[in-house]
Amino acid sequence: MSNNNSYLSNYFHRNGRALGSIGYFVLLMVIFLVGAPEAWIRPNLHQSVFVMMPTLIFLTIPLVFLVASGEIDLSFASTYAVAAYVFALLVKNGVDPAICLVLGIFTGAAIGALVGTLIVVFRLSSLVASLGVLFLLRGVILLLSNSRSITIMEIDSHWIYPLLVGNFYGFPMQIFWAAIFVIFCYYFFNKHVFGVHVQHVGDNSVSAEQMGINVNAVKIKAFMFVGIGSAIGGIFTTMITYTFFPTQGFGYLLLALAAVFVGGTPYWGGLGTIIGAVFGVGIIAYMEIGIIAIGWSGEWRQFFNGLIILLALLGHRLHGERVR
Amino acid sequence: MENIIELDNVTKRFGGITALNKASLKVTRGEVVGLIGDNGAGKSTLIKTLVGVYSPDEGDILIRGKKVNAWNALKARESGIETVFQDRALTPQQSIVKNIFMGKELRYPFGFIKEKEQIFEANRLIREIGFTSKLINAESPVGNLSGGERQGVAIARAIYNKAELIVLDEPTNNLSLNETQKVFDFVLNVKKSNRSVLFIGHNIYHVYDISDRFVILDRGEVVHKLNKNDISTPEELMKIMRDTIGAH
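For the record, the sequence lines run as chains A and B. The first sequence stops at residue 337 when you use my numbering, and every number in between is there. The second sequence stops at residue 404 when you use my numbering, and every number in between is there.
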């Protein structure tokens with residue numbers, strides 16, 4: 014009996030935050046369904062959510078790693094655009110899009126590594142330093158692109174287009190890739206040395222260091238992973254819309270961060286949940302689109318986004334204080 | 157007797173402060189060395205240098221007679237040195253099993269973790285060190301444990317890794333009598349298996365009881381070394397300590 018109790022309490026300790034976020038998602042669905050059933054059974058509403066979700070997943074899931082490591086990054090919203098710019102510019106100049114894709118992702122990883130190194134080596138506040146990088150990189154893009162967008166219709170005829178963002182019998186391929194990414198990240202975070210080290214480092218970096226974990230290297234790798242995720246998100250969106258535009262990604266800054274925290278990952282480090290984050294993304298995406306779908310004006314959107322974030326935080330509070 | 161580790165004239169500075177001044181210390185196989193000294197004597201700095209958390213500014217570190225370069229915590233652990241730090245070096249939000257294997261996870265290729273094997277070993281270890289509560293198993297978070305139990309997890313880590321030298325930094329602080337006895341039993345077991353312990357403590361009586369040899373540290377310097385058979389009572393050790401400290 015008591016063994017059973019300990020099993021349950023351990024299970025709750027490990028999965029409570031993810032379950033909480035699933036609960037909010039279900040609750041939100043029920044509210045929408047009751048509030049506007051006729052809008053809710055129309056498939057095109059869910060289709061537009063599914064167009065938005067993959068991008069948000071590529072941004073949000075790597076942030077779970079970084080937040081669990083005890084850091085934060087805001088610059089990802091600009092990294093997103095820099096990688097997309099590199100991709101679009103190279104495609105426009107006749108480089109094979111598959112190579113452009115790889116180079117774009119490398120750009121994201123390199124920016125992540127630089128931001129991470131800057132923060133870790135000089136012991137800067139990741140919140141403030143990455144805010145600086147956010148503006149700096151956005152400035153660089155605006156200057157380089159002369160604030161002009163780049164259209165890449167030619168991508169349509171290349172094999173990577175149907176493979177990555179095409180339609181497979183009505184099913185958008187980016188959802189498939191996002192699902193693969195989520196499964197990979199689930200194992201990477203929970204069952205891989207990197208993910209476990211991320212949690213140790215975020216929990217107590219002094220202990221981790223004493224046990225021989227290279228704390229700085231773990232943190233820099235987490236920043237790199239955020240850079241890679243942003244690059245994938247940026248490039249996918251650019252391909253879907255056939256257009257790079259210089260302000261792209263900015264709108265995702267707060268949404269992706271909100272999804273991390275609504276998803277149940279606490280801000281203080283050491284803990285994180287990939288499954289929770291997926292449902293966090295679901296909540297944010299449905300809020301964005303659902304409010305309009307049920308016939309309310311767009312002005313309500315931000316209000317409800319804020320409300321959801323606060324309610325979610327209060328709910329996750331049930332999992333208790335941080336243990337030390 | 158083989159030297160497991162030797163510190164040769166090691167100096168460590170923090171800014172303008174010399175925390176460790178030409179300190180030398182060795183631990184040979186199968187002995188228990190007690191390191192004593194007042195607060196601020198440099199015990200912690202000496203330990204952290206010995207186990208690779210700090211790198212020395214001057215002097216050499218020798219493992220089994222061979223000089224090592226770029227000494228760090230990972231190298232120390234790979235050389236068979238495990239440390240039970242004063243703060244236990246635990247991550248409280250993580251499970252017992254994750255803490256026991258922290259930094260030395262059992263791995264499949266590509267860095268994936270052998271979770272089942274780790275949980276099995278961790279459950280065996282926590283029974284071995286005498287966790288009796290049925291509410292605790294390998295997957296319980298460390299944050300729910302008492303001070304003595306946390307100490308147990310830190311010791312389990314050292315047991316699992318079959319260290320040749322186990323460094324215990326103030327291991328009896330904040331422990332009940334019963335728990336203190338468990339730590340002593342553990343030290344004696346390690347010694348019996350021909351492995352070594354470096355025991356750091358405030359409590360002279362604890363250190364006296366358990367150690368074969370004593371090293372007295374004061375203001376970053378090793379000021380006295382003596383064997384247990386040089387003295388007959390802990391009071392004598394206390395007197396020697398009082399006389400040497402501040403006298404040099």
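Yeah, the Cβ is synthetic: ideal placement off N, Cα and C, and Gly gets one too. Note that the structure is predicted; figures quoted are calculated from it, not measured.
Counting only runs of 3 or more residues that sit fully inside the region 78-139 of chain A, no beta strand (DSSP E) segment turns up.
The residue among B/ASP243, B/PRO248, B/ILE161 with its C-alpha nearest the C-alpha of A/GLY282 is B/PRO248. A distance below 8 Å separates the beta carbons of B/ALA319 and B/GLY236.
A/LEU69 places its beta carbon 8 Å or farther from that of A/TYR199. Between B/LYS231 and the set B/LYS254, B/VAL207, B/GLY286, the nearest pair of CA atoms involves B/VAL207.
The continuous beta strand (DSSP E) containing B/ASP164 extends over residues 159-170.
Rounded to whole angstroms, the separation of the alpha carbons of A/LEU72 and A/PRO175 is 22 Å. Using beta-carbon distances, A/LYS234 does not count as an interface residue toward chain B, since no partner is under 8 Å.
Taking CB atoms only, A/ILE296 has no neighbour in chain B less than 8 Å away. At a C-beta separation below 8 Å, A/ASP216 has these neighbours in chain B: THR247, PRO248, GLN249, GLN250. In this structure, the straight-line span from the alpha carbon of B/ASP194 to that of B/TYR364 is close to 15 Å. The beta carbon of B/ARG313 sits closer than 6 Å to the beta carbons of ILE256 from its chain, once the five residues preceding and following it are set aside; these are given in chain order. For B/ALA314, the closest Cβ of chain A is not nearer than 8 Å. A distance below 6 Å between beta-carbons, with the five flanking residues on each side excluded, links B/PHE241 to the following residues of its chain, in chain order: ASP325. Any Cβ of chain B closer than 8 Å to the Cβ of A/LEU284 would place that residue at the interface, and such an atom is present. By the rule that beta-carbons nearer than 8 Å mark a contact, B/LEU230 touches chain A. When only Cα atoms are considered, B/GLU261 and A/ALA90 end up about 34 Å apart.
Taken atom to atom, the span from the alpha-carbon of A/ALA306 to that of B/ARG263 is near 49 Å. With the criterion set as a beta carbon lying under 7 Å from some beta carbon of chain A, the members of the region 258-290 of chain B are MET258, GLY259, GLU261, ARG263, GLY267, PHE268, ILE269, GLU271, LYS290, in sequence order. Taking 8 Å as the cut-off, the Cβ atoms of A/ALA97 and A/ILE288 do not count as close. Annotation: A/ILE163 to A/THR251 spans about 9 Å, alpha carbon to alpha carbon. A distance of 8 Å or more separates the beta carbons of B/LEU344 and B/VAL189. Here B/SER367 is buried: its Cβ has 16 or more other Cβ atoms, across all protein chains shown, within 10 Å. In this structure, A/GLN187 places its C-beta atom within 8 Å of the C-beta atom of A/PHE249. For the set A/SER243, A/VAL209, A/VAL239, the Cα lying nearest the Cα of A/VAL228 is the one of A/VAL209. Within a 10 Å sphere around the beta-carbon of A/SER170 sit fewer than 16 other beta-carbons, which makes this residue exposed.
Of the residues A/MET65, A/HIS26, A/SER310, the one whose Cα lies closest to the Cα of A/GLY295 is A/MET65. With fewer than 16 other beta carbons inside 10 angstroms of its own, A/ALA111 counts as exposed. Closer than 8 Å to the CB of A/SER19 there is at least one CB belonging to chain B. Here B/TRP227 is buried. Its C-beta has 16 or more other C-beta atoms within 10 Å.
Within the region 258-336 of chain A, there are no complete beta strand (DSSP E) runs of at least 3 residues.
Spanning the alpha carbons of A/PHE236 and A/GLY262 requires a straight line of approximately 17 Å. Taking A/GLY293 as the centre and dropping the five residues before and after it, the same chain places the C-beta of SER34, ALA272, VAL275, GLY276 closer than 6 Å to its C-beta, in chain order. For A/ALA221, a Cβ of chain B is located within less than 8 Å of the residue's own Cβ. Contacts with chain B at 8 Å (Cβ-Cβ) include A/HIS26. When DSSP reads this structure, B/ALA179 sits in a beta bridge with B/VAL166.
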